[in-house]
Amino acid sequence: MRSPIEQISSSLQAAIVSIAFEELQGGFCMSFFQTSKMMMTAAVIIGFAASPSLAATFNAAADFSTTNNPNGVWQYGWSSSLGSTFNLYPNFTNDAGFVGWRDPSITYFSAPTVVNNNTGSPINVSTVTLEPGLTFHPGFNGQYSIVRWTAPEDGTYSLATKFAGADFVGPTTTDVHVLHNGISLFNDLVNGFGASSAKLFTNTLFVNAGDTIDFAVGYGNGNFYSDSTSLAATISSATPPESVPEPGSALGLLVFGTFGAGFLLKRKQQQLSQDSSIK
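Anchor point for the sequence shown: position 193 equals 193 in full-length UniProt numbering, and the numbering is continuous, going up by one each time.
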């Protein structure tokens with residue numbers, strides 16, 4: 001199967017030949033300058049097409065949206081039990097410098113919820129310290145609060161995740177999870193506050209386009225009080241970029257094909273001239 005750059009080069013060569021023959025049939029023969037100009041334009045296009053794409057990195061906090069849910073590859077919501085139906089948070093909130101999403105139909109004491117501190121500095125709210133980034137909280141009736149990522153394309157991706165307690169009085173007592181299409185990749189308990197309570201998880205796995213990775217928090221010891229939990233999550237493409245010819249190689253293919261077409265055009269022009277002189 002040909003690479004995208006080879007397909008582009010082939011299409012451009014075909015277009016050049018087609019234009020040249022049309023002009024010839026109309027009684028006009030392209031000059032070397034005109035042919036060269038066409039080749040340079042095509043070379044610029046191929047040069048851009050041959051540039052390697054950068055590997056994608058998705059950051060749950062940096063990508064957080066205050067206007068859209070879903071937000072590209074990210075969604076914010078809840079489920080009644082781990083791995084059950086995912087429900088989007090429909091309402092956006094803006095409180096005391098932090099912003100977030102929740103569902104008023106099930107909200108009790110502002111939970112379950114996902115919030116983002118985008119100020120760059122910690123915010124203290126009652127007994128909770130919201131560090132810069134995401135914090136989420138389970139619901140009163142055991143609902144899991146979830147940040148979901150959906151794979152944009154097939155490939156290998158690396159996950160890096162940190163959960164930590166954000167309530168310094170309770171302190172936090174939650175169960176935390178990472179799931180792939182509803183199947184557990186990681187389970188642990190967060191008991192405490194700050195760095196000493198942190199639970200880390202890293203993994204590299206292959207996913208298909210449309211697969212989901214869920215970062216979920218539940219109420220741990222059976223009650224939802226004092227269960228604010230911070231989340232840091234990044235997902236990076238580990239699939240190497242597709243190997244494509246260097247721009248110079250692609251240009252060489254185009255030059256060869258174009259001058260080959262030029263040779264055919266010259267032969268055609270000579271034949272037409274001979275036919276005209278015979279008449």
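Think of the CB as a built atom: it goes at the ideal place given N, C-alpha and C, for glycine as much as any other residue.
In this model, Val99 and Pro90 are separated by some 14 Å (Cα to Cα).
In this structure Ala60 touches Leu231 by the C-beta definition: roughly 7 Å separates them, less than 8 Å. Ser226 sits away from Thr161, with the two beta carbons spaced by 9 Å or more. About 19 Å separates the Cβ atoms of Val190 and Tyr76, ruling out a contact at the 8 Å cut-off. With respect to Thr129, Phe193 sits close: the two C-beta atoms are nearer than 9 Å. Distance between Asn71 and Gly222, taken at the CA atoms: about 31 Å. Secondary structure at Ala61: coil, using DSSP grouped into helix, strand and coil. Sorting Ser196, Ser228 and Asp154 by C-alpha distance to the C-alpha of Val207 places Asp154 at the top.
Here Pro240 has no same chain residue with a Cβ atom under 7 Å from its own Cβ, once five neighbours each way along the sequence are excluded.
Burial is judged here by how many other beta carbons sit within 10 angstroms of a residue's own beta carbon; Ser80 has fewer than 16 and is exposed.
DSSP places Gly100 within a strand segment (E or B) once states are collapsed to three. For the 9 Å CB-CB criterion, Trp78 and Ser145 form a contact. Rounded to the nearest whole angstrom, the C-alpha separation of Pro122 and Asp103 is 25 Å.
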